[in-house]
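Below: one structure, written as structure tokens.
In our numbering, the protein residues as written are 4 to 398.
Following this line, the structure appears as structure tokens:
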């Protein structure tokens, strides 16, 4: 039935009767009908003025349930004035929640003032707003509990600056849902990525040591391999051009992350620009010189480069084989042909460099099977003539 049908004008007697009703349910139902009339736009100016006055009265009702119903009705309504919004957000959490979460007109100053209170429900409501400014995000990260911080990090409309991300990790980084929410945010800096890897690695270390009684030395080797794999996986999306490669390499080098294993992964993954820039940084020579030495057809070029870069000479054969495959295939690091190169280089490495008694070479070769698709692994094994899978990581 049309709620506006057979409607008569509200009177002061109507207002008095509504406010005096002993039943909260009756007042809530009346309030909803009143909103229907207001939104229908069919009230006379006098009726509308009286209806709005009644709404304000309901917003101050003694019953929390009535005030909460008003808040849900007003959260997206043009009837929500600045004064009424401030009144409702300073109410108890269940009344404030819909306004804090959905009312677009709230100012950052008001939100920051609300966040200064210890009410966790209000913190969660603000964290779930469709947009959250950097200032407000910082306050949630500093004052909110783990649920509110997780909600903020999962909120694609929240602007979370890097200092706030670091603070969130300081407070709750070892809580899985927080670290996973942070890891899923787009545009993470390398510094944040490295912190995420470190948290995951600590968790893996504790689990392996406790559950399997592995030696600290072996666990550290496994952790290091996991870091290399994770770093390469997370770096790929940010490597868009030469400037990106240079900045990434400088950051990795300054933080001691430009390891032989990482460079070998880059080479065998087809990230040739990253490999040559990384070798150049470790060797402290221009990138062009590093590429000339690595791609030299003679026996001395790559050996001299590894020595200058302080990479063990025993790793020379796998580096030479990988570069040789790139040269033979004419592969230049482009996306086209990347999987063909990966399958070819993995297969040839296992053919040319196994068996070996050098565990460092074994580690380099075995880790190439991590993070690769089954198709690439199967093609590589066919190329190498291997009847079994040396290492296939299980998700």
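Don't be surprised by glycine CBs; every beta carbon is placed ideally from N, CA and C. Please read these numbers as outputs of a predicted model, since none were measured by experiment.
| Check | Outcome |
| --- | --- |
| Residue environment, residue 279, which counts as buried when at least 16 other CB atoms sit within 10 Å | buried |
| 7 angstroms Cβ cutoff met for residue 136 and residue 112 | no |
| Any beta strand (DSSP E) of 3 or more consecutive residues that is wholly inside the stretch 290-316 | none |
| Residue nearest to residue 80 in terms of C-alpha spacing, selected from 97, 120, 35, 93 | 35 |
| Runs of alpha helix (DSSP H) wholly within the stretch 35-80 (minimum 4 residues, chain order) | 48-62, 67-77 |
| Proximity to residue 159 [Cα-Cα], best of 98, 144, 184 | 184 |
| The stretch 97-108 in contact with the stretch 59-75 per 3-pair CB rule at 8 angstroms | yes |
| Three CB pairs or more closer than 8 angstroms across the stretch 308-319 and the stretch 333-351 | no |
| Cβ pair count under 8 angstroms reaching 3, the stretch 122-136 against the stretch 146-154 | yes |
| Every unbroken beta strand (DSSP E) within the stretch 136-166, with a cutoff of 3 residues, ordered by chain | none |
| Coarse secondary structure for residue 250, derived from DSSP in three states | helix |
| Touching by the beta-carbon criterion (3+ pairs, under 8 angstroms), the stretch 332-343 and the stretch 290-304 | no |
| Collapsed DSSP secondary structure at residue 285 in the structure displayed | helix |
| Under the three-state DSSP convention, the category residue 97 falls into | helix |
| Best match in 28, 58, 32 for proximity to residue 41 [C-alpha to C-alpha] | 58 |
| Endpoints, alpha helix (DSSP H) assigned at residue 351 | 341-356 |
| Residue 279 in three-state terms, based on DSSP | helix |
| Given residue 65 as reference, the closest of 31, 156, 50 once Cα atoms are compared | 31 |
| Secondary structure of residue 86, DSSP reduced to three states | helix |
| Residue 283 to residue 276 span [Cα, whole Å] | 11 angstroms |
| Of the residues 329, 45, 56, 109, the one placed nearest residue 273, counting alpha carbons only | 329 |
| Simplified DSSP assignment, three categories, for residue 241 | Low confidence applies to residue 241: its pLDDT is 48, below 50, so where it sits in the model is not reliable enough to give any reading. |
| Cβ distance (whole Å) where residue 285 is taken to contact residue 310 below 8 angstroms | Not really, about 11 angstroms apart at Cβ, beyond 8 angstroms. |
| Residue 123: first and last residue of the uninterrupted alpha helix (DSSP H) it sits in | 123-130 |
| Where the alpha helix (DSSP H) through residue 189 begins and ends | Note, residue 189: premise wrong, no alpha helix (DSSP H); not H, not E. |
| Buried or exposed (CB count within 10 angstroms, at least 16 for buried), residue 11 | Model confidence at residue 11 stands at a pLDDT of 41, short of 50, so the residue's coordinates are unreliable and nothing is read from them. |
| Boundaries (first-last residue) of the alpha helix (DSSP H) holding residue 327 | 319-332 |
| Pairwise C-alpha distance: residue 143 and residue 337 | 43 angstroms |
| For residue 151 and residue 123, believed in contact at Cβ under 8 angstroms, the rounded distance | 7 angstroms |
| Proximity below 7 angstroms, CB of residue 54 to CB of residue 37 | yes |
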